[in-house]
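Peer 1: Input: one structure, supplied below.
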Amino acid sequence: MSKVNLLDFDLDGLAAYCEGLGEKRFRATQLFRWIHQRGAADFGAMTDLAKALRDKLGGVAEVRPLPVAAEQVSADGTIKWLFDVGAGNAVETVFIPEDDRGTLCVSSQAGCAVGCRFCSTGHQGFSRNLSTGEILAQLWYAEHRLRERFALSAGERVISNVVMMGMGEPLQNYSALVPALRAMLDDHGYGLSRRRVTVSTSGVVPMIDRLREDCPVAMAVSLHAPNDGLRDELVPLNRKYPLHELLEACKRYLQKAPRDFITFEYCMLDGVNDTEAHAQELLALVNGRGEHHVPCKLNLIPFNPFPSSGLTRSPRATVLAFAKVLQDAGVVTTIRKTRGDDIDAACGQLAGEVQDRTRAGERMKRVPVPVVAAGRSS
Ligand code: SAH
Ligand code: SF4
Numbered sequence: 076m077s078k079v080n081l082l083d084f085d086l087d088g089l090a091a092y093c094e095g096l097g098e099k100r101f102r103a104t105q106l107f108r109w110i111h112q113r114g115a116a117d118f119g120a121m122t123d124l125a126k127a128l129r130d131k132l133g134g135v136a137e138v139r140p141l142p143v144a145a146e147q148v149s150a151d152g153t154i155k156w157l158f159d160v161g162a163g164n165a166v167e168t169v170f171i172p173e174d175d176r177g178t179l180c181v182s183s184q185a186g187c188a189v190g191c192r193f194c195s196t197g198h199q200g201f202s203r204n205l206s207t208g209e210i211l212a213q214l215w216y217a218e219h220r221l222r223e224r225f226a227l228s229a230g231e232r233v234i235s236n237v238v239m240m241g242m243g244e245p246l247q248n249y250s251a252l253v254p255a256l257r258a259m260l261d262d263h264g265y266g267l268s269r270r271r272v273t274v275s276t277s278g279v280v281p282m283i284d285r286l287r288e289d290c291p292v293a294m295a296v297s298l299h300a301p302n303d304g305l306r307d308e309l310v311p312l313n314r315k316y317p318l319h320e321l322l323e324a325c326k327r328y329l330q331k332a333p334r335d336f337i338t339f340e341y342c343m344l345d346g347v348n349d350t351e352a353h354a355q356e357l358l359a360l361v362n363g364r365g366e367h368h369v370p371c372k373l374n375l376i377p378f379n380p381f382p383s384s385g386l387t388r389s390p391r392a393t394v395l396a397f398a399k400v401l402q403d404a405g406v407v408t409t410i411r412k413t414r415g416d417d418i419d420a421a422c423g424q425l426a427g428e429v430q431d432r433t434r435a436g437e438r439m440k441r442v443p444v445p446v447v448a449a450g451r452s453s
């Protein structure tokens with residue numbers, strides 16, 4: 076029988092598991108701290124736990140890391156790991172160092188079922204959800220590997236932010252996501268601030284509502300288009316949850332969110348969604364024409380091309396002109412710096428290796444990418 080993976084639990088889950096072994100909650104807290112704060116995987120090293128408990132745990136449980144298939148370091152300091160999740164599937168995790176923070180970009184699924192046109196993960200189709208343990212194993216490994224690499228002492232941290240922006244749609248793996256988020260936030264775990272843990276979603280409306288109640292963290296919504304016609308083509312989930320429903324869910328989310336704005340992500344695709352007319356339409360959308368006003372920041376992402384996308388990156392001048400329309404109207408708009416492109420670690424380039432159980436790749440090839448002429452965006 077395979078052993079229980081202790082990375083699968085948030086603290087409450089671990090406490091319930093330990094109770095089943097006849098142990099009090101404070102033992103679970105000690106264990107949780109050993110695992111997540113000290114990076115211990117060997118029960119023998121957990122010296123303040125009774126020998127009898129360590130032996131008992133050794134028989135039934137383990138801290139199961141993900142095997143690292145590759146590590147690549149970019150010239151700009153970005154580090155990408157490829158983790159083997161079995162059965163021919165692999166997922167990627169990226170560490171992005173900046174002056175004032177260190178961000179870990181974490182994957183939630185092997186592949187993705189949403190199938191966005193401009194996303195390498197989406198082109199691969201969906202294989203399976205990651206477990207809580209597999210989501211947390213990415214942070215667990217990166218945290219302790221980086222501490223070692225930078226020779227940090229116990230209290231020092233390099234990862235200050237986590238973004239669920241790796242492979243997969245986190246809100247389509249909700250039940251595994253939430254305990255993972257809780258372990259990230261827990262003071263006995265990684266102790267990250269709610270404002271520094273971001274869930275990025277293509278817009279799974281019912282799950283945005285659930286997350287607001289269960290574990291509100293910072294929220295990024297992948298918008299990419301200012302109207303339903305274009306968004307239906309770029310982000311197929313829009314056909315199920317169209318823009319007005321999505322924006323209403325964003326407004327509801329803000330009632331409990333740790334930040335008072337939603338980050339809208341908008342991938343700039345040459346000739347597809349990047350004209351000034353699109354910018355005007357986007358402005359009207361987020362300003363709500365009265366009804367859907369959502370306090371937001373806009374993050375423009377230069378498209379990161381990958382073979383077979385058939386799309387190209389908007390020229391810099393186009394991106395700047397687009398940004399200016401929004402900035403002039405008072406919408407805080409930033410242009411994302413592309414990091415780690417020499418190691419294919421930039422947004423949307425995470426490919427890992429996925430056994431496509433949905434044959435999404437073939438479907439994509441049959442459907443031409445829509446190119447919308449300037450000004451005719453619906
Ligand atoms: N599934 C979630 C989170 C993972 S994708 C989501 O879609 O939000 C993280 C971000 O990268 C999203 O905003 C996504 O739209 C963007 N992205 C995907 N492919 C991209 C590409 N090729 N170039 C730039 N950004 C891309
Ligand atoms: Fe999935 Fe996000 Fe990629 Fe869309 S952009 S296919 S939702 S990972």
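Here the working numbering is used: the first residue of the sequence shown is 76, the next is one more, and so on.
Each residue gets a CB set at the ideal place from its N, CA and C atoms; glycine is no exception.
1. Taking all protein chains shown into account, do 16 or more other C-beta atoms lie within 10 angstroms of the C-beta of T387, making it buried, or fewer, making it exposed?
2. Determine the closest residue to N164 out of M242, V279 and D261, with distance taken between C-alpha atoms.
3. Y265 lies in the alpha helix (DSSP H); which residues open and close that run?
4. Grab me the residues of M240's own chain with a C-beta within less than 6 Å of its C-beta, minus the 5 sequence neighbours each way, in chain order.
5. Rounded to a whole number of angstroms, what is the C-alpha to C-alpha distance between L395 and V296?
6. Using a Cβ-based criterion (distance less than 6 Å to any ligand heavy atom), does E428 qualify as near the ligand SF4?
7. Ordered along the chain, which non-local residues of its own chain (more than five positions away) have a Cβ less than 7 Å from that of M282?
8. Could you say if the stretch 399-419 and the stretch 369-383 meet the contact criterion of at least three C-beta pairs nearer than 8 Å?
9. Taking the C-alpha atoms as reference points, what is the distance between G363 and K326?
10. Could you check which residue in R176, K131, S202 and F397 has the C-alpha nearest to that of P301?
11. Look at the alpha carbon of L298 and the alpha carbon of S195, and state the distance between them as a whole number of angstroms.
12. Comparing C-alpha positions only, which one of K412, L322, T168 and T350 sits nearest to F339?
13. My assumption, with CB atoms under 8 Å, is that V279 sits in contact with M259. Please give the rounded CB distance.
14. At what residue ranges does the stretch 96-178 contain a whole run of the beta strand (DSSP E), taking only runs of 3 or more?
15. Would the stretch 168-183 and the stretch 214-222 be scored as touching if the rule is three or more Cβ pairs under 8 Å?
16. Does the Cβ-Cβ distance between S202 and Q430 come in under 7 Å?
17. Cα separation between E137 and I376?
18. Whole angstroms is fine: what's the gap from R100's alpha carbon to L89's?
19. Considering L375, what are the terminal residues of the alpha helix (DSSP H) in which it resides?
20. Are I154 and V148 closer than 7 Å when you measure CB to CB?
21. Secondary structure at I234, three-state DSSP: helix, strand or coil?
22. Return helix, strand or coil for M76, following the three-state DSSP convention.
23. Just tell me which of C342, H263 and V238 has its CA closest to the CA of M294.
24. Hey, how far is the Cα of A125 from the Cα of G266?
25. Let me confirm a value: V143 is counted as buried when at least 16 other C-beta atoms fall within 10 Å, else exposed. Which label applies?
26. Please work out which residues of its chain come closer than 8 Å, Cβ to Cβ, to M343, disregarding the five sequence neighbours upstream and downstream, and give them in chain order.
27. Given this structure, state the Cα-to-Cα distance separating L157 from G186, to the nearest angstrom.
28. M294 by DSSP, collapsed to three states: which one?
29. Where do the N-terminal and C-terminal ends of the alpha helix (DSSP H) with G186 fall, by residue?
30. Within this structure, are the beta carbons of T122 and H263 separated by less than 7 Å?
31. Spell out the partners DSSP gives V274 in its beta bridges.
32. What do you get for A212, buried or exposed, if any count of 16 or more other CB atoms within 10 angstroms of its CB means buried?
33. Which same chain residues, not among the five before or five after N204, have their C-beta less than 7 Å away from its C-beta?
34. Under the three-state reduction of DSSP, which class applies to A448: helix, strand or coil?
35. Just the Cα atoms here: how many angstroms apart are G304 and T433?
36. Starting from I418, trace the alpha helix (DSSP H) in both directions and tell me its first and last residue.
Peer 2: So, from the data block:
1. Locating residue 387 in the sequence shown gives position 312, counting from the first residue. In the assembly as shown, T387 is an exposed residue. Its beta-carbon has fewer than 16 other beta-carbons within 10 Å.
2. Translated into positions along the sequence shown, residue 164 becomes position 89. If you compare the alpha carbons of M242, V279 and D261 with that of N164, the shortest gap goes to M242.
3. Position 190 of the sequence shown, counted from the first residue, corresponds to residue 265. DSSP places Y265 in no alpha helix (DSSP H); its state is neither H nor E.
4. One-based indexing of the sequence shown puts residue 240 at position 165. Take M240, set aside five residues on each side of it, and the residues of its chain with a beta-carbon closer than 6 Å to its own are C180 and S275, in chain order.
5. Reading the sequence shown from its first residue, position 320 is the one you call residue 395. Reading the sequence shown from its first residue, position 221 is the one you call residue 296. About 21 Å.
6. The residue you call residue 428 lines up with position 353 of the sequence shown. Remark: the C-beta of E428 is outside contact range of the ligand SF4, defined as less than 6 Å to any heavy atom.
7. Residue 282 sits at position 207 when you count from the first residue of the sequence shown. Same-chain partners within the cutoff: L246 and Y249.
8. Segments in contact, yes.
9. Counting from 1 along the sequence shown, the entry for residue 363 is found at position 288. Counting from 1 along the sequence shown, the entry for residue 326 is found at position 251. In this structure, the straight-line span from the alpha carbon of G363 to that of K326 is close to 11 Å.
10. What you label residue 301 is simply residue 226 of the sequence shown in a count that begins at 1. Answer by Cα proximity: F397.
11. Position 223 of the sequence shown, counting from 1, holds the residue named residue 298. Position 120 of the sequence shown, counting from 1, holds the residue named residue 195. Answer to the nearest angstrom: the Cα atoms are 17 Å apart.
12. On the sequence shown, residue 339 is found 264 positions in, with the first residue counted as 1. The shortest C-alpha separation from F339 is found at L322.
13. Taking the sequence shown and counting its residues from 1, one reaches residue 279 at position 204. Taking the sequence shown and counting its residues from 1, one reaches residue 259 at position 184. At roughly 20 Å, the Cβ-Cβ gap does not stay under 8 Å, so V279 and M259 are not in contact.
14. Unbroken beta strand (DSSP E) stretches of 3 residues or longer found wholly inside the stretch 96-178: 143-148, 154-161 and 164-172, given in chain order.
15. Yes: at least three Cβ pairs fall under 8 Å.
16. For the purposes of this step, residue 202 is identified with residue 127 of the sequence shown, where counting begins at 1. For the purposes of this step, residue 430 is identified with residue 355 of the sequence shown, where counting begins at 1. One thing to note: S202 has its Cβ within 7 Å of the Cβ of Q430.
17. For the purposes of this step, residue 137 is taken as residue 62 along the sequence shown, with counting starting at 1. For the purposes of this step, residue 376 is taken as residue 301 along the sequence shown, with counting starting at 1. About 40 Å.
18. One-based indexing of the sequence shown puts residue 100 at position 25. One-based indexing of the sequence shown puts residue 89 at position 14. For R100 and L89, the gap between their C-alpha atoms comes out near 9 Å.
19. Numbered from its first residue, the sequence shown carries residue 375 at position 300. Run containing L375: none in the alpha helix (DSSP H); it sits in the beta strand (DSSP E), C371 to P377.
20. Stepping through the sequence shown from its first residue, residue 154 is reached at position 79. Stepping through the sequence shown from its first residue, residue 148 is reached at position 73. Yes, the Cβ-Cβ distance between I154 and V148 is below 7 Å.
21. Locating residue 234 in the sequence shown gives position 159, where the first residue counts as 1. Coil.
22. As a working note, residue 76 is residue 1 in the sequence shown. In the structure shown, the three-state DSSP call for M76 is coil.
23. Counting from 1 along the sequence shown, the entry for residue 294 is found at position 219. Answer by Cα proximity: V238.
24. For this step, residue 125 is matched to residue 50 along the sequence shown. For this step, residue 266 is matched to residue 191 along the sequence shown. Each residue's Cα considered, the two are about 26 Å apart.
25. The sequence position of residue 143 within the sequence shown is 68, counting from 1. V143 comes out exposed.
26. The residue labelled residue 343 in the question sits at position 268 within the sequence shown. Within the same chain, M343 has close Cβ partners D349, L375, I376, P377, F378, R388, S389, T393, V394 and F397.
27. Position 82 of the sequence shown holds residue 157. Position 111 of the sequence shown holds residue 186. Looking at the two C-alpha atoms, the distance is approximately 13 Å.
28. Within the sequence shown, the letter at position 219 stands for residue 294. In the three-state reduction of the DSSP assignment, M294 falls in the strand class.
29. Taking the sequence shown and counting its residues from 1, one reaches residue 186 at position 111. For G186, no alpha helix (DSSP H) run applies; the uninterrupted beta strand (DSSP E) run containing it begins and ends at Q184 to G186, by DSSP.
30. Counted from its first residue, the sequence shown places residue 122 at position 47. Counted from its first residue, the sequence shown places residue 263 at position 188. No, these two residues do not count as a Cβ contact at 7 Å.
31. Here residue 274 corresponds to residue number 199 of the sequence shown, with the count starting at 1. Answer is M239 and M294.
32. In the sequence shown, counting from the first residue as 1, residue 212 sits at position 137. Residue burial is scored here from C-beta neighbours: A212 has at least 16 other C-beta atoms within 10 angstroms and is therefore classed as buried.
33. Within the sequence shown, residue 204 is the residue found at index 129, counting from 1. Excluding positions up to five away in sequence, the list reads Q184, N248 and A251.
34. Here residue 448 is taken as the residue at index 373 of the sequence shown, counted from 1. Confidence at A448 is low in this model, with a pLDDT of 36, below 50, so the placement of that residue should be treated as unreliable; the coordinate-derived value is given next. In this structure, A448 counts as coil in the three-state DSSP scheme.
35. Against the sequence shown, residue 304 aligns to sequence position 229. Against the sequence shown, residue 433 aligns to sequence position 358. Just so you know, the alpha carbons of G304 and T433 end up roughly 25 Å apart.
36. What you label residue 418 is simply residue 343 of the sequence shown in a count that begins at 1. Segment: none, I418 is in no alpha helix (DSSP H) and carries neither H nor E.
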